[in-house]
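Asker:
Put into structure tokens, the structure is as follows:
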């Protein structure tokens, strides 16, 4: 379970990114976080992975207050949360296989497990035949699927996707959404932040709407009304 308990993030007296947010996300849930630019979506995600710390309030993951975790222990927390970004963040000098495997290698995982798990997630995202190619040899949709495989390979409890379809055409965008749905059905919590009204309104899942840093609606089967 993820729980934001009266969380605020204040950057300056004139800039409040998140204001008095109380929010619970249950295990294995698929929810979307929506709102206009500047609503606080990205800040919420940064708070969740402790890239930012709240000005007030507390954030819990599995009953652990993540604000109490030392900087040295943060990598262990982040292994439980897979991140997918709009701009992919792939390493250009590594192949697709190596980009995915790297997430396990830095964690000191056994070479055989690295090999097996990397091949498995490349199968899941439908790119088992692209492992030897470099990022500049892949399409935008393929790059995002490799980024998703990298987020998934550590078997996180949560996948956080920040505008994962933002640089993709509609067809490739829906491929990524279908993969996120599949991952959720396998038992992983998915938190999707997006501006894409069509995707949100087609999902029929929980929708959390932010505006100027405040929670304005939270609907189990919500819509994104612009």
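Numbering (my numbering), first residue to last: 0 to 225. All C-beta atoms, glycine included, are put in the ideal place defined by N, C-alpha and C.
Measure the C-alpha to C-alpha separation of residue 168 and residue 195 and round it to an integer number of angstroms.
Answerer: Within the chain shown, the letter at position 169 stands for residue 168. Within the chain shown, the letter at position 196 stands for residue 195. Taking the straight line from one Cα to the other gives about 12 Å.
Asker: Measuring alpha carbon to alpha carbon, tell me which of 3, 30, 6 ends up nearest residue 203.
Answerer: Counting from 1 along the chain shown, the entry for residue 203 is found at position 204. Selected option, being the one with the closest Cα: 30.
Asker: Does DSSP put residue 197 in a helix, a strand or coil?
Answerer: As a working note, residue 197 is residue 198 in the chain shown. The answer is helix: DSSP assigns residue 197 an H, G or I state.
Asker: Relative to the C-alpha of residue 44, which candidate in 174, 180, 162, 185 has its C-alpha closest?
Answerer: For the purposes of this step, residue 44 is taken as the residue at position 45 of the chain shown. If we check each option's Cα against that of residue 44, 162 comes out closest.
Asker: Are the CB atoms of residue 20 and residue 214 within a distance shorter than 8 Å?
Answerer: Residue 214 sits at position 215 when you count from the first residue of the chain shown. Residue 20 sits at position 21 when you count from the first residue of the chain shown. Their beta carbons are under 8 Å apart, which means residue 214 touches residue 20 by this criterion.
Asker: To which residues does DSSP link residue 213 through a beta bridge?
Answerer: Taking the chain shown and counting its residues from 1, the one referred to as residue 213 is at position 214. Note: residue 213 sits in a beta bridge opposite 210.
Asker: Give the secondary structure of residue 5 by DSSP, where H, G and I count as helix, E and B as strand, and everything else as coil.
Answerer: Sequence index remark: in the chain shown, residue 5 carries index 6 (1-based). Three-state DSSP puts residue 5 in a strand.
Asker: Classify residue 31 as helix, strand or coil using the three-state DSSP reduction.
Answerer: For this step, residue 31 is matched to residue 32 along the chain shown. Three-state DSSP puts residue 31 in a strand.
Asker: So who's on the other strand from residue 81, going by DSSP bridges?
Answerer: Mapped onto the chain shown, residue 81 falls at position 82. Paired residues: 158.
Asker: Please classify residue 75 as buried or exposed, where buried requires at least 16 neighbouring CB atoms within 10 angstroms.
Answerer: For the purposes of this step, residue 75 is taken as residue 76 along the chain shown, with counting starting at 1. When all chains shown are included, residue 75 counts as exposed.
Asker: Mind checking who residue 179 pairs with in its DSSP beta bridge?
Answerer: Reading the chain shown from its first residue, position 180 is the one you call residue 179. DSSP, once it has assigned bridges, lists no residue as partnering residue 179.
Asker: Is it buried or exposed, residue 10, if we count other Cβ atoms within 10 angstroms and call 16 or more buried?
Answerer: Translated into the one-based positions of the chain shown, residue 10 becomes position 11. Exposed.
Asker: Here's a check: name, in chain order, each residue in its chain whose Cβ is nearer than 6 Å to the Cβ of residue 23, leaving out the five neighbours to either side.
Answerer: On the chain shown, position 24 is the one that residue 23 refers to. 2, listed in sequence order.
Asker: Less than 8 Å separating the beta-carbons of residue 128 and residue 59?
Answerer: By one-based count along the chain shown, residue 128 stands at place 129. By one-based count along the chain shown, residue 59 stands at place 60. Not closer than 8 Å, so no.
Asker: Leaving out five residues before and five after residue 150 in sequence, what residues of the same chain have Cβ atoms less than 7 Å from its Cβ?
Answerer: Looking up residue 150 in the chain shown gives position 151. So the list reads 81, 82, 83, 158, once near-sequence residues are dropped.
Asker: What did DSSP end up calling residue 127 once you bin it into helix, strand or coil?
Answerer: Walking along the chain shown from the start, residue 127 turns up at place 128. Residue 127 falls in the helix class under three-state DSSP.
Asker: So if DSSP puts residue 64 in a beta bridge, which residue, or which two residues, is it bridged to?
Answerer: For the purposes of this step, residue 64 is identified with residue 65 of the chain shown, where counting begins at 1. 59, per the DSSP bridge assignment.
Asker: With distance defined between alpha-carbon atoms, name the residue in 224, 220, 209, 69 nearest to residue 32.
Answerer: As a position in the chain shown, residue 32 is number 33, starting the count at 1. When each option's Cα is compared against that of residue 32, the closest is 209.
Asker: Checking the sheet assignment: what are the DSSP bridge partners for residue 192?
Answerer: Counting from one through the chain shown, the residue named residue 192 turns up at place 193. 32, 161, per the DSSP bridge assignment.
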